[in-house]
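Peer 1:
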Amino acid sequence: MGTKEIILVTGGSGLVGQAIRSVTEDSNTNEAYQNYSFYFASSKDADLSQLEQTRKLFERVQPSYVIHLAAMVGGLFRNLKYNLEFLRTNLAINDNVLLMAKEFKVKKCVSCLSTCIFPDKTTYPIDETMVHLGPPHNSNFGYSHAKRMIDVLNHAYSDHFKSTVNVGEKVPLFTSVIPTNVYGAYDNFNLEDSHVIPGLIFKAYQAAHDAKEKGIEHAKLNVFGTGRPRRQFIYSKDLARLILWTLTDYEEVEPIILSVGEEDEISIGEAAQLVADAFTQETSIKIELEYDQSFSDGQFKKTASNFKLRQYLPKFEFTPIEIGIRETVRWVIANYDSIRK
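Residue numbering for the sequence shown follows full-length UniProt numbering, starting at 1 and increasing by one per position.
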């Protein structure tokens, strides 16, 4: 057997990186990736905002492929507070990783974007052709613009390679995926940094725990805002499978949205109710919702079309959100002492 090709996963210890690890180590899918060796890099391996540390990581790993997930991330309120830091840090990370992918002649680099990159003022559903048609929502313009620049870099590298690669040689591919709101095990559950579902899960855990401590059978889950904004949520393991498919089978420079369908979009309030129901089932503590409308709702909707994905994978089955949330809640209960919080 020849030497296995190495796939470097930046941000490998995070939500999506750990989901990729889980999927590739699953006995049902492992055979498809037996010719690859995965290196899941974390911040302990390198500060990717520093070029020389990024270069040393690539020198050590010698990847043939890159899945670029690493980013400075946070929820709505952290984005509002640190827009400048999100812009500068993520611009540096993305530029360094893609430059090293070029220098080390990787065959393919798949970067992870976000639906927040789309214009704030737009028509729905949003699709892959609309990324640069207007400014993003001002609540996270720093993170959004830095992520948008990955798409610009991908096209710049594509043009560069087309003019420099010899005739007959395979042109390295730099592309990107755009997932909707991701949730699952190994997420960041810190209330200041977390996104919607992990934040709700963390607060629900605390509410259920406090109720048990007091010997009562009911608790309140505080939901920031009105609960009316709508989102599409994708389970991390589903996203992992789709990113791996992108790495092996997707051959376009243009990004592709990885998302459940428009019909699966739900409100924040509905997501909160699913979290409350899951904790009620797992702990026997009846959890009810209460809304704190002193908090901003942020962008009301970001409905994304998965039409392009369905053209490629018409039969892909997404995990129903009630099952994904239930599995995530079970994981948090079992691993609470070690989760990021």
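Don't be surprised by glycine CBs; every beta carbon is placed ideally from N, CA and C.
Please determine if the segment 39-53 and the segment 4-20 are in contact, where contact requires at least 3 C-beta pairs separated by less than 8 Å.
Peer 2: Contact between the segment 39-53 and the segment 4-20 is present, because at least three Cβ pairs lie under 8 Å.
Peer 1: Taking the straight line between their C-alpha atoms, what separation do you get for residue 9 and residue 217?
Peer 2: In a straight line, the C-alpha of residue 9 is about 44 Å away from that of residue 217.
Peer 1: Can you find the residues in the same chain that come closer than 8 Å, C-beta to C-beta, to residue 212, ignoring five residues on each side of it along the sequence?
Peer 2: Only 283 and 285 meet the Cβ criterion.
Peer 1: Contact check, residue 100 vs residue 118 under 8 Å by CB: the rounded distance?
Peer 2: Not a contact, Cβ separation roughly 28 Å.
Peer 1: I'd like to confirm the pairing. Which residues does DSSP put opposite residue 4 in its beta bridges?
Peer 2: Answer is none; residue 4 lacks a bridge partner.
Peer 1: Taking its Cβ as the centre, do 16 or more other Cβ atoms sit within 10 Å of residue 383, making it buried, or is it exposed?
Peer 2: Nothing can be reported for residue 383: it is not among the residues displayed for the chain, which extend from 1 to 341.
Peer 1: Drop a sphere of 10 angstroms on the beta-carbon of residue 150, count the other beta-carbons inside from all chains shown, and report buried for 16 or more, exposed for fewer.
Peer 2: With 16 or more Cβ atoms within 10 Å of its Cβ, residue 150 is classed as buried.
Peer 1: Would you decide whether residue 323 is buried or exposed? Buried here means 16 or more other CB atoms lie within 10 Å of its CB.
Peer 2: Classification for residue 323: exposed.
Peer 1: Please classify residue 259 as buried or exposed, where buried requires at least 16 neighbouring CB atoms within 10 angstroms.
Peer 2: Residue 259 is buried by the Cβ-count criterion.
Peer 1: Measure the alpha-carbon distance for residue 174 versus residue 264 and round it to whole angstroms.
Peer 2: Cα to Cα, the separation comes out at about 30 Å.
Peer 1: By how many angstroms is the C-alpha of residue 68 removed from the C-alpha of residue 56?
Peer 2: Whole-angstrom Cα-Cα distance: 16 Å.
Peer 1: Hey, how far is the Cα of residue 243 from the Cα of residue 12?
Peer 2: Using only the alpha carbons, I get a separation of about 13 Å.
Peer 1: In this structure, what does DSSP give as the bridge partners for residue 230?
Peer 2: Looking at the DSSP assignment, residue 230 forms a beta bridge with 267 and 301.
Peer 1: Could you check what DSSP says for residue 192 in three-state terms: helix, strand or coil?
Peer 2: Looking at residue 192 - three-state DSSP - the assignment turns out to be coil, as it is neither helix nor strand.
Peer 1: Does the Cβ of residue 213 lie closer than 8 Å to at least one heavy atom of the ligand SAM?
Peer 2: Among the components modelled here there is no ligand, and therefore nothing to report on the ligand SAM.
Peer 1: For residue 107 and residue 177, what's the separation of their Cα atoms in angstroms?
Peer 2: Rounded to the nearest angstrom, the two C-alpha atoms are 17 Å apart.
Peer 1: Using the three-state DSSP reduction, which class does residue 250 fall into: helix, strand or coil?
Peer 2: Three-state result, residue 250: coil.
Peer 1: Going by DSSP, which residues form a beta bridge with residue 340?
Peer 2: DSSP output for residue 340 lists 188 as bridge partner(s).
Peer 1: Taking CB distances under 9 Å as the criterion, tell me whether residue 31 reaches chain C.
Peer 2: No chain C appears in this structure, which consists of one protein chain only.
Peer 1: Look up residue 272 in the DSSP assignment and say whether it is helix, strand or coil.
Peer 2: Helix.
Peer 1: Expressed to the nearest angstrom, what Euclidean distance is found between the alpha-carbon atoms of residue 47 and residue 58?
Peer 2: C-alpha separation (whole angstroms): 12 Å.
Peer 1: Sorted by chain position, which residues of the same chain lie with C-beta nearer than 8 Å to residue 85's C-beta, five sequence neighbours on each side aside?
Peer 2: So the qualifying residues of the chain are 72 and 142.
Peer 1: Determine the contact status of residue 298 and residue 229, defining contact as a CB-CB distance below 9 Å.
Peer 2: Against a cut-off of 9 Å, the Cβ pair of residue 229 and residue 298 comes out as a contact.
Peer 1: Please classify residue 296: does DSSP put it in a helix, a strand, or coil?
Peer 2: Residue 296 falls in the coil class under three-state DSSP.
Peer 1: For residue 103 and residue 332, what's the separation of their Cα atoms in angstroms?
Peer 2: Rounded to the nearest angstrom, the two C-alpha atoms are 40 Å apart.
Peer 1: Determine the extent of the alpha helix (DSSP H) in which residue 308 is found, giving its start and end residues.
Peer 2: Counting along the chain, the alpha helix (DSSP H) containing residue 308 begins and ends at 307-312.
Peer 1: Can you name the residues that DSSP bridges to residue 112?
Peer 2: BP columns for residue 112 point to 177.
Peer 1: Less than 7 Å between C-beta atoms, sequence neighbours within five positions excluded: which residues of the same chain meet that for residue 88?
Peer 2: Contacts found: none.
Peer 1: Taking the alpha carbon of residue 201 as the point to measure from, which residue in 125, 279 and 227 has its own alpha carbon closest?
Peer 2: The candidate whose alpha carbon is nearest that of residue 201 is 279.
Peer 1: When burial is assigned at 16 or more other CB atoms within 10 Å of the CB, is residue 153 buried or exposed?
Peer 2: Per the 10 Å Cβ criterion, buried.
Peer 1: So what's residue 370 in DSSP terms, helix, strand or just coil?
Peer 2: The first residue shown for the chain is 1 and the last is 341, placing residue 370 beyond what the model contains.
Peer 1: Which same chain residues, not among the five before or five after residue 6, have their C-beta less than 7 Å away from its C-beta?
Peer 2: Closer than 7 Å at Cβ, skipping near neighbours: 37, 39, 61, 62, 63 and 64.
Peer 1: Residue 96 and residue 51 - do their beta-carbons sit closer together than 9 Å?
Peer 2: Their beta carbons are under 9 Å apart, which means residue 51 touches residue 96 by this criterion.
Peer 1: If I follow the unbroken beta strand (DSSP E) through residue 39, where does it start and stop?
Peer 2: Here the beta strand (DSSP E) through residue 39 covers 36-40.
Peer 1: Give the single residue among 137, 146 and 110 whose Cα lies nearest to the Cα of residue 122.
Peer 2: Ranking the options by Cα distance to residue 122, first place goes to 137.
Peer 1: Taking a contact to mean a Cβ-Cβ separation below 9 Å, would you say residue 325 touches residue 274 in this structure?
Peer 2: It is a contact, given that the beta carbons lie within the stated cut-off.
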